[in-house]
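Notes follow once the structure below has been shown.
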Amino acid sequence: TSIQARLPGRDPASVALKVILDAGVWGFVGNGALITARLAMEGTPFADALAITRREIPGVFRSDVCVWTTYNSLCYGVIPKHIQPISTTLMTCFWSAYLSWVSVGSHPQQTP
1 TSIQARLPGR
11 DPASVALKVI
21 LDAGVWGFVG
31 NGALITARLA
41 MEGTPFADAL
51 AITRREIPGV
61 FRSDVCVWTT
71 YNSLCYGVIP
81 KHIQPISTTL
91 MTCFWSAYLS
101 WVSVGSHPQQ
111 TP
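Residue 84 in the numbering used here sits at position 84 of the sequence shown; the count goes up by one each step and never skips.
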C-alpha cells in the first residue's frame, strides 16, 4: 500500500503511526464519503445523505477503530507483505458490506 511505501518499518512506533494515519484518513473521510455516495446514488437527496452520514459516522468510526486497528496492526506488523493484498481485499469486502448495511439497512428506501 502507499502507506507502506512511505513508512516501511515494522517496529512498534512505525506500526502505530500507520494505524493512526489509516484510521484518520479512512475512519472519517473515506467512510463518510462512501456512505454519502451510496445514499446519493440510490436517490437520497444529497443534503439528506450528508445529514444521515453525519448522524451515522460516529458509530461507524467506533466500529472502524475496533475492526481496522486490530487488522492494520497485524497487517503492518505481522502479515507477510505478499499476503497483505488478499487479506486486505477480504477485510475490505466485509467492511463494504457493513457500510452498505449502515447506509441503507437502517434507512430503508421506499420501493416503487
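Note that beta-carbon positions come from the ideal geometry of N, C-alpha and C, so glycine has one too.
Start and end residues, alpha helix (DSSP H) containing residue i
i: ARG62; result: 46–77
i: ILE3; result: 2–6
7 angstroms CB neighbourhood of residue i in its chain, flanking five on each side removed
i: ALA13; result: none
Cβ-based neighbour list, residue i, same chain, cut-off 6 angstroms, excluding 5 preceding and 5 following
i: THR53; result: GLY32, ILE35, THR36
i: MET91; result: TYR71
Three-way DSSP call (helix, strand, coil) for residue i in this model
i: ILE83; result: coil
i: ASP11; result: coil
i: GLY32; result: helix
i: GLY43; result: coil
Contacts around residue i, its chain only, beta-carbon distance under 8 angstroms, and the 5 residues preceding and following it disregarded
i: SER63; result: TYR98
Three CB pairs or more closer than 8 angstroms across the stretch 19–28 and the stretch 49–68: In the pairwise beta carbon analysis, the stretch 19–28 is classified as touching the stretch 49–68: at least three pairs are separated by under 8 angstroms.
For the stretch 1–10 against the stretch 71–81, do three or more pairs of beta-carbon atoms, one drawn from each stretch, fall closer than 8 angstroms, so that the two count as touching? Segments in contact, yes.
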